[in-house]
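**Student:** One structure follows; several queries about it will come next.
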Ligand code: HEA
Ligand code: HEA
Ligand code: CUA
Ligand SMILES: [Cu+2]
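Okay, here's the thing in structure tokens:
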């Protein structure tokens, strides 16, 4: 069988590097994320249109303080992410590592916050299928359903982001990402900013209905 | 299906004929041209091919003419449809309730029946509600249909011009016995309908009496009662 | 096919920090505005601010400002698609 | 230009591994787009086989009224599986994943797609999704019985294995998205020098347009599926009317994907047609730009019409007529293509070989399918025909008569290139004819049945429909015979077929400039393109014929 196989070529070694192409691929992927959340925003919009008052009522029960805090945390993490890329471009590896680590730190902080927020809600008996929730009006049930699903899915993206960024940190330390080959870091950054972008819309829609 | 038990029948059949007619002409035109070219320009005949990259005039024509055609199709479809959706103030309202897998028709005097009785020459508005999943009330002979959706009241209106019994089918998949969710609409003269409406108040549904009246195709309907087994005979 | 793979693009540290400050400022505005009752406009204002914020993030943090033009076309295409989907869906719910 | 005379001793991609493995692993771990294409071909054909066998069983059950061979519940799961397999496992990935993977890079003059490893990943995601579909059949609860549209609320009420099956569809969506990302990037970044946008073959154009739909539309069904699963698992109120949700909103989201998806199915097929017709007419395509643009147009306006599947659902009358109007407008670009194809035959030098015969039957069958699409696009008629066999006939004509036919056309057109073997042409002609007869016998009666009022997804039916149903069932056997025959002689050709030359048909797009089967790297050096895609003056310098 093997006798007629003489040459083994590795396409990967051969293929030329194309950073613009890589970023293009990443952006195309981000569009799928946007449309994914777009679908949920559409559901939100329709139900808010159908039950404006009940959405109002339910929105009052969310904690604006925690929401604002998390917004600030995420925005800052976006800044450190961007700084980390800028630093590696400017050949400042140390700064890049510091900034990336802070991004990770903020991400964790966001999750901790989220955890407290959710557990508070759950301890009040508001969670999908709970008796207290089912006693509420339909619009409120839908609001909390969406609240859990949308912020939950967003949190899930944060977790994935944490995993990705951890890998990037390792790459950075091990010089797999360098000042002339950092497209991986850039693409992770794009992903991270997208997560931030989605939060920018989630925040007013859930925490700021007053 | 020669007769026209409602006016929608004429409308729908006209729109159908119109679109299908144009379609057949286009289809034949395309097919004949294609087959003709294959013979005319066959390689065996040794023609030298001519590269024609395009022809603006032609390309404009075959966008413009189909546009006009489809707009006319849309127009007929639209007017025909709007005519079905007109709500008539004087309409007689009946509530149609769908459940897995049966229909129930409620009259305003509290009467309930699993067959739909309606008077002739009177606009009927069916208020459609579902107690479980989606169904769809479909009367093929009247060319009308509307889904029955839980949590939402849809309506369907029609005016029968002929007496007789016509099938009601469920056209939205609703589970195991979806194909057996048949009922009948029975169109009767006004006075008979009134008599029926008043005499039936004490007893509720009396479907046994109806099934003798209906024409053929009752085999499925009868088998409705025995849940799982469809018409075994045929 | 020559691509300059190591081309530098993206803002300086100061730009990034300035943008961040801007984003924080917009956040505080939107929180404050939500407190005042603007009636119907509350939602509109909140979304407007969110849109401005995302404009910053996309252009500066995500480097779109420095990217090849085709990227902007892509973003426009997906944005328009999303908008059309919203619009057409609402034709149902508004006219029910 | 390139015309690298295929040098005889050259090793084809079958003989050169892309990794350090040999044997089966050199395939399973390959990142070569051609090998991945072949693997897709095998996988997709296998699932297609499952789908058709289910289809045959359905026809068997429907042969006579009443119970013929199975219970109602079995029938309900069968048509669901038939739909799910045909849509998600066969026709959506079919042409792009097999022929797109194999030929898109070659036609662009590239050595591979932009992200070869992602390409392999996407294949495995496809396989995992497919396996999940099969696993869901055997779990407690029983196979899914909702129809491929899994409408709410039935899909959250039924006790069958809905979650698993639709999760499989979710997974398959990822595969589709990754393929789309790969193709868009490839087209933008890896065109050979001189390959300007308007020198790209039309198959590339249509695959490119398809890739955009895959990227933009698929996530919408992804989230919809996810929400149904979450709703089933945790009782979250999203669509369930018992909790205030709106089942019609679910339908909107479902069709926001699934209508554009029908163009995922048909666009690559239209691309193949635009390849085959010039090759066998030996002249350039008529209205190249119009065809190229209409592909893009179809991709984008495809988002405007989804609710034509919901004309009787109880949505507002306003949106009913808006969507009906848009539906008619959207049909126009498809019409333009048909006219351009026929015009391409004008003053050509037509050699009606097997692939061309498939294309002719495509034009006929797809036109019927498309034109009946207009019948159901009109409001008044759709109210009567919605959810009847008329719709079933419509979509089999466009999907099977359209894309399915072209699947076979593409297979016959590129078979010599992909495998380096030629099949028996006499058998091939017989099979086209049989296919055509069987197809029309199977599906044409369904138009009449639908008009007579036979609803779809019916296990049992009224006696008045019996004779046409019987005709339909007999047609399914003829059709099955034809397809069997095709598969039979193709497999025979793989082993015993004559060796194929580099350019048996006299095509001029790039794949015909390289050996059959192509060498590992496609091109020794990246070619420089100097011609329009269908410039047959190149033929003078090329060796062609069998
Ligand atoms: C490959 C897949 C495919 C394609 C290409 C199409 C193409 C079209 N479809 Fe089809 N359709 C389906 C797959 C497809 N469809 C499926 C799967 C369903 C059912 C789903 C389910 O419920 O399970 C469905 C259902 C469906 C419905 C809903 C029916 C109902 O449930 O009530 C409608 C309604 O408008 C419709 C319309 C159209 C139209 C107008 C086109 C147009 O794009 C067609 C354009 C083509 C032509 C018009 C023919 C060629 C042109 C000419 C010959 C030139 C002359 C032209 C003019 C005069 C315009 N389709
Ligand atoms: C591309 C899509 C596709 C294809 C090809 C087919 C193919 C077939 N379909 Fe399809 N069908 C659908 C897509 C498709 N279908 C969809 C989406 C639905 C809707 C489901 C729903 O309602 O949810 C549907 C519903 C549907 C119904 C309506 C069910 C109902 O409403 O009650 C019927 C009924 O007759 C039917 C019949 C058939 C038959 C007999 C075939 C046969 O396949 C055709 C005859 C047989 C062959 C062509 C092949 C035989 C070949 C071999 C055995 C060897 C092959 C081997 C290899 C390839 C390796 N189908
Ligand atoms: Cu009720 Cu189908
Ligand atoms: Cu459609």
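Chains as they are written, first to last, in the numbering used here: chain A, 227 to 436; chain B, 3 to 236; chain C, 165 to 260; chain D, 3 to 548.
The beta-carbon is built from N, C-alpha and C at its ideal position, and this holds for glycine as well.
(1) Where does residue 192(B) sit, in a helix, a strand or coil, going by DSSP?
(2) Excluding sequence positions up to five away, which residues of its chain have a Cβ less than 6 Å from the Cβ of residue 208(B)?
(3) Name the chain D residues that come within less than 9 Å of residue 376(A), Cβ to Cβ?
(4) Using the beta-carbon of each residue, which ones in chain A are nearer than 8 Å to residue 191(D)?
(5) At a threshold of 6 Å, does residue 137(B) count as lining ligand 3 (C-beta to nearest heavy atom)?
(6) Mind checking residue 38(D): buried by the 16 CB within 10 Å criterion, or exposed?
(7) Taking 6 Å as the cut-off, is the CB of residue 150(D) close to at least one heavy atom of ligand 2?
(8) Could you pull out every residue in the same chain whose Cβ sits closer than 7 Å to the Cβ of residue 157(D), ignoring the five residues on either side in sequence?
(9) Return the residue from the list 433(A), 253(A), 260(A) that minimises the CA-CA distance to residue 369(A).
(10) Since residue 299(A) and residue 336(A) are thought to touch, with beta carbons under 8 Å apart, how far apart are those beta carbons, to the nearest angstrom?
(11) Comparing the C-beta of residue 185(B) with each C-beta of chain D, is any distance below 7 Å?
(12) Out of curiosity, what's the CA-to-CA distance linking residue 195(B) and residue 188(B)?
(13) Would you tell me roughly how many angstroms separate the C-alpha atoms of residue 152(B) and residue 75(D), rounded to the nearest one?
(14) Give the residues from the region 449-464 of chain D that approach chain B closer than 9 Å (Cβ to any Cβ), ordered along the chain.
(15) Around the C-beta of residue 458(D), are 16 or more other C-beta atoms found within 10 angstroms, so that it is buried, or is it exposed?
(16) Using a Cβ-Cβ cut-off of less than 8 Å, give me the residues of the region 276-288 of chain D that come near chain B, in sequence order.
(17) Go ahead and pull the three-state DSSP assignment for residue 285(D).
(18) Hey, how far is the Cα of residue 159(D) from the Cα of residue 43(D)?
(19) Would you please verify whether the beta carbon of residue 186(A) is less than 7 Å from any beta carbon of chain D?
(20) Measure the beta-carbon distance from residue 524(D) to residue 108(D) and round it to whole angstroms, keeping in mind my assumption that it falls under 8 Å.
(21) Could you list which residues in chain A have their beta carbon closer than 7 Å to that of residue 177(C), in chain order?
(22) Look at the alpha carbon of residue 36(B) and the alpha carbon of residue 354(D), and state the distance between them as a whole number of angstroms.
(23) Would residue 223(D) count as contacting chain C if we go by Cβ distances under 7 Å?
(24) Measure the alpha-carbon distance for residue 325(A) versus residue 219(C) and round it to whole angstroms.
(25) Could you name the residues of the same chain whose beta carbon sits closer than 8 Å to that of residue 34(D), not counting the 5 residues immediately before and after it, in chain order?
(26) For residue 527(D), collect the residues of the same chain with a Cβ closer than 8 Å to its Cβ; drop the 5 residues on either side in sequence, then sort them by chain order.
(27) Please classify residue 478(D) as buried or exposed, where buried requires at least 16 other C-beta atoms within 10 Å of its C-beta.
(28) Mind pulling the chain D residues with CB within less than 8 Å of residue 222(C)?
(29) Can a CB atom of chain C be found closer than 7 Å to the CB of residue 305(D)?
(30) What whole-angstrom Cβ distance do residue 507(D) and residue 281(D) have, given they're in contact under 8 Å?
(31) Would you kindly report the start and end of the unbroken alpha helix (DSSP H) that includes residue 124(D)?
(32) For the alpha helix (DSSP H) that residue 230(C) lies in, which residues bound it at each end?
(33) Say whether chain D places a C-beta atom closer than 7 Å to the C-beta of residue 409(A).
(34) Should the region 291-301 of chain D be called in touch with the region 267-283 of chain D, which here means at least 3 C-beta pairs below 8 Å?
(35) Using a C-beta cutoff of 7 Å, does residue 364(A) count as contacting chain D?
(36) Check this for me: beta carbons of residue 94(D) and residue 266(D), under 7 Å apart or not?
**Tutor:** Well, looking at it:
(1) Sequence index remark: in the second chain, residue 192(B) carries index 190 (1-based). Under the three-state reduction of DSSP output, residue 192(B) falls in the helix class.
(2) For the purposes of this step, residue 208(B) is taken as residue 206 along the second chain, with counting starting at 1. Here residue 208(B) scores only 45 on pLDDT, less than 50, and its place in the model should not be relied on; the value that follows carries that caveat. Taken in chain order, the list of residues that qualify is empty.
(3) Taking the first residue of the first chain as position 1, residue 376(A) is located at position 150. Near residue 376(A) there are no residues of chain D at all, since even the closest Cβ is about 10 Å away, more than 9 Å.
(4) As a first step, residue 191(D) must be located in the fourth chain, where it is residue number 189. Listed along chain A, the residues sitting closer than 8 Å to residue 191(D) by beta-carbon distance are 244, 246, 247, 250.
(5) Position 135 of the second chain holds residue 137(B). For ligand 3, at least one heavy atom lies less than 6 Å from the Cβ of residue 137(B).
(6) By 1-based counting over the fourth chain, the position of residue 38(D) is 36. By the neighbour-count rule (16 or more Cβ atoms within 10 Å), residue 38(D) is buried.
(7) Locating residue 150(D) in the fourth chain gives position 148, counting from the first residue. Under cutoff, so the answer is yes.
(8) To locate residue 157(D), count along the fourth chain from 1; it is residue 155. Within the same chain, residue 157(D) has close Cβ partners 148, 164, 230.
(9) Within the first chain, numbered from 1, the residue matching residue 369(A) stands at position 143. Measuring from the Cα of residue 369(A), the nearest candidate turns out to be 433(A).
(10) Within the first chain, residue 299(A) is the residue found at index 73, counting from 1. Within the first chain, residue 336(A) is the residue found at index 110, counting from 1. Going by Cβ atoms, the distance from residue 299(A) to residue 336(A) rounds to 5 Å, so yes, they are a contact pair.
(11) Against the second chain, residue 185(B) aligns to sequence position 183. The C-beta of residue 185(B) comes no closer than 7 Å to any C-beta of chain D.
(12) The residue given as residue 195(B) occupies position 193 in the second chain. The residue given as residue 188(B) occupies position 186 in the second chain. Looking at the two C-alpha atoms, the distance is approximately 10 Å.
(13) In the second chain, the residue the question calls residue 152(B) occupies position 150. In the fourth chain, the residue the question calls residue 75(D) occupies position 73. C-alpha separation (whole angstroms): 23 Å.
(14) Within the region 449-464 of chain D, the residues whose Cβ lies closer than 9 Å to some Cβ of chain B are 453, 454, 455, 456, 457, 458, 459, 460, 461, 462, 463, 464, listed in chain order.
(15) Working through the fourth chain from its first residue, we reach residue 458(D) at position 456. By the neighbour-count rule (16 or more Cβ atoms within 10 Å), residue 458(D) is buried.
(16) Taking 8 Å as the Cβ-Cβ cut-off against chain B, the residues of the region 276-288 of chain D that qualify are 283, 284, 285, 286, 288.
(17) Numbered from 1 along the fourth chain, position 283 holds the residue referred to as residue 285(D). It is coil, neither helix nor strand.
(18) Counted from its first residue, the fourth chain places residue 159(D) at position 157. Counted from its first residue, the fourth chain places residue 43(D) at position 41. Rounded to whole angstroms, the gap between the alpha carbons of residue 159(D) and residue 43(D) is 37 Å.
(19) This structure leaves residue 186(A) out entirely; chain A is present only between 227 and 436.
(20) Numbered from 1 along the fourth chain, position 522 holds the residue referred to as residue 524(D). Numbered from 1 along the fourth chain, position 106 holds the residue referred to as residue 108(D). Taking 8 Å as the upper bound for CB-CB distance, residue 524(D) and residue 108(D) are in contact here, some 5 Å apart.
(21) Along the third chain, one-based indexing puts residue 177(C) at 13. The answer, in chain order, is 309, 312.
(22) In the second chain, residue 36(B) corresponds to position 34, counting from 1. In the fourth chain, residue 354(D) corresponds to position 352, counting from 1. CA-CA distance, residue 36(B) to residue 354(D), rounds to 11 Å.
(23) For the purposes of this step, residue 223(D) is taken as the residue at position 221 of the fourth chain. The Cβ of residue 223(D) sits no closer than 7 Å to any Cβ of chain C.
(24) Taking the first chain and counting its residues from 1, the one referred to as residue 325(A) is at position 99. Taking the third chain and counting its residues from 1, the one referred to as residue 219(C) is at position 55. Residue 325(A) and residue 219(C) have their C-alpha atoms some 23 Å from each other.
(25) Within the fourth chain, numbered from 1, the residue matching residue 34(D) stands at position 32. Cβ within range, chain order: 15, 20, 114, 118, 522.
(26) Within the fourth chain, residue 527(D) is the residue found at index 525, counting from 1. Annotation for residue 527(D): no residue places its beta carbon closer than 8 Å to its own, counting only its chain and skipping 5 residues before and after.
(27) Within the fourth chain, numbered from 1, the residue matching residue 478(D) stands at position 476. Around the beta carbon of residue 478(D), 16 or more other beta carbons sit within 10 angstroms, so the residue counts as buried.
(28) As a working mapping, residue 222(C) is identified with position 58 in the third chain. Simply none; closest approach about 18 Å.
(29) The sequence position of residue 305(D) within the fourth chain is 303, counting from 1. Interface residue, yes.
(30) Here residue 507(D) refers to the residue found at position 505 when the fourth chain is read from its first residue. Here residue 281(D) refers to the residue found at position 279 when the fourth chain is read from its first residue. Confirmed, Cβ separation roughly 5 Å.
(31) Position 122 of the fourth chain holds residue 124(D). From DSSP, the alpha helix (DSSP H) with residue 124(D) extends over 118-140.
(32) Counting from one through the third chain, the residue named residue 230(C) turns up at place 66. Element bounds for residue 230(C): n/a, residue is neither H nor E.
(33) In the first chain, residue 409(A) corresponds to position 183, counting from 1. Not a single CB atom of chain D sits nearer than 7 Å to the CB of residue 409(A).
(34) The region 291-301 of chain D vs the region 267-283 of chain D: in contact.
(35) As a working mapping, residue 364(A) is identified with position 138 in the first chain. A Cβ of chain D is located within less than 7 Å of the beta carbon of residue 364(A).
(36) The residue you call residue 94(D) lines up with position 92 of the fourth chain. The residue you call residue 266(D) lines up with position 264 of the fourth chain. In contact: residue 94(D) and residue 266(D) (Cβ atoms closer than 7 Å).
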